[in-house]
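A.B. asks: Residue numbers (our numbering): 10 to 122.
By construction, the Cβ of each residue, glycine as well, lies at the ideal position given by its N, Cα and C atoms.
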């Protein structure tokens, strides 16, 4: 059963959720392909972005560690699998058909036994 009053909200939630996940994937992919090139003469200290705080604290221009990127990719795959298996996309009930009311009834049966 859907608590939505119109079909718009079902589509809105589904599209917004999937666009957010795919947007994160595209952003991660685009940033993982960025390589730090050799510094040009006059660009400032080697390997920095040029930002300086507290007179001598500089921001290094280094890529994200590979293991962090793989964790983000795994998180995106987990999110898509979760939304496929469980309800989370509008009125889609999920492949497993899980419902919180069904879990509640199951817990009541265990408590009564």
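Compute the distance between the beta-carbons of residue 22 and residue 98, then report whether it is under 8 Å.
C.D. replies: yes
A.B. asks: Which stretch, first to last residue, makes up the alpha helix (DSSP H) that contains residue 29?
C.D. replies: Unbroken alpha helix (DSSP H) run through residue 29: 16 to 41.
A.B. asks: Under 8 Å: do the region 76 to 89 and the region 13 to 33 share three or more Cβ pairs, one atom per stretch?
C.D. replies: Taking 8 Å as the limit for Cβ pairs, the verdict is that the region 13 to 33 does touch the region 76 to 89.
A.B. asks: Secondary structure at residue 107, three-state DSSP: helix, strand or coil?
C.D. replies: coil
A.B. asks: Can you name, in chain order, every residue of its own chain whose Cβ lies under 8 Å from the Cβ of residue 69, other than the five neighbours on each side?
C.D. replies: 56, 57 and 58
A.B. asks: Who are residue 57's beta bridge partners in DSSP?
C.D. replies: Beta-bridge pairing links residue 57 to 69.
A.B. asks: Which residues does DSSP pair with residue 62 in a beta bridge?
C.D. replies: In the DSSP output, where bridge partners are listed per residue, residue 62 has 66.
A.B. asks: Grouping DSSP H, G and I as helix and E and B as strand, with all else coil, what is residue 100?
C.D. replies: coil
A.B. asks: Is residue 39 near residue 92, with beta carbons less than 8 Å apart?
C.D. replies: no
A.B. asks: If we ignore side chains and look at the alpha-carbon of each, how far apart do residue 77 and residue 62 end up?
C.D. replies: 26 Å
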